[in-house]
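Residue numbers (this note's numbering): 26 to 147.
Note that beta-carbon positions come from the ideal geometry of N, C-alpha and C, so glycine has one too.
Keep in mind that this is a model prediction, so the values were computed, not measured.
One structure below.
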Amino acid sequence: MKAGERINCPVCGEPTIIKEKHEMDGWVKRGIIFSCALCNAKLGEPSNRTSEKPEASLKSLEDLLDLKAADQVVLDATPEEKYFCKDCTHFIDHPFVTRCGLHKRTIMPMDDCPQFKARKSC
Numbered sequence: 026m027k028a029g030e031r032i033n034c035p036v037c038g039e040p041t042i043i044k045e046k047h048e049m050d051g052w053v054k055r056g057i058i059f060s061c062a063l064c065n066a067k068l069g070e071p072s073n074r075t076s077e078k079p080e081a082s083l084k085s086l087e088d089l090l091d092l093k094a095a096d097q098v099v100l101d102a103t104p105e106e107k108y109f110c111k112d113c114t115h116f117i118d119h120p121f122v123t124r125c126g127l128h129k130r131t132i133m134p135m136d137d138c139p140q141f142k143a144r145k146s147c
């Protein structure tokens with residue numbers, strides 16, 4: 026038995042995958058157990074634990090939920106469309122507050138303004 030493996034749960038009787046769960050005693054981790062992904066019933070403990078996760082676990086989850094992983098979205102923006110304050114010369118980054126040196130006010134890094142002036146690359 027290993028995490029990500031497909032089985033029929035002996036408790037709920039449904040087809041499921043095995044998930045790895047940390048057994049806790051308050052804030053102290055006592056061990057690792059295997060449980061059903063649907064009903065969270067304890068199915069056993071790992072006998073010979075490997076450090077790598079199975080590559081098939083994501084595929085098994087996709088099959089179980091009958092979903093396909095979405096392709097990663099790529100945003101294509103020209104340099105003229107990237108007028109974010111974080112890329113501006115007047116952007117003043119500070120651990121507690123980010124400010125605009127031109128407008129003398131607090132801003133967010135992804136804000137934009139018409140007075141944008143691109144920062145020179147180092």
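Consult DSSP for residue 76 and reduce its assignment to one of helix, strand or coil.
Residue placement at residue 76 cannot be trusted, given a pLDDT of 49 that sits under 50; what the coordinates show is reported in the next sentence. The three-state secondary structure of residue 76, taken from DSSP, is coil.
Counting Cβ pairs, one atom from each stretch, are 3 or more of them under 8 Å apart for the segment 32 to 49 and the segment 61 to 74?
Yes, the segment 32 to 49 is in contact with the segment 61 to 74.
Give the straight-line distance between the Cα atoms of residue 82 and residue 120, rounded to the nearest whole angstrom.
Residue 120 has its alpha-carbon roughly 40 Å from the corresponding atom of residue 82.
Should the segment 106 to 115 be called in touch with the segment 134 to 144, which here means at least 3 C-beta pairs below 8 Å?
The segment 106 to 115 is in contact with the segment 134 to 144.
Helix, strand or coil, according to DSSP, for residue 60 in the structure here?
Reduced to three states, the DSSP call for residue 60 is strand.
Whole-angstrom Cβ separation of residue 85 and residue 29, contact assumed at under 8 Å?
Residue 85 to residue 29, Cβ: 5 Å. Contact.
Tell me whether residue 105 sits in a helix, a strand or coil according to DSSP, three-state version.
Helix, per DSSP.
Short Cβ contact (8 Å threshold) for residue 35 with residue 57
The answer is no: Cβ separation not under 8 Å.
State the start and end residues of the unbroken beta strand (DSSP E) segment that holds residue 12.
No answer is possible for residue 12: the residues shown for the chain start at 26 and end at 147.
In chain order, what residues of the same chain lie with their CB nearer than 8 Å to the CB of residue 48, ignoring the 5 residues before and after it?
Within the same chain, residue 48 has close Cβ partners 54, 55, 56, 57, 58.
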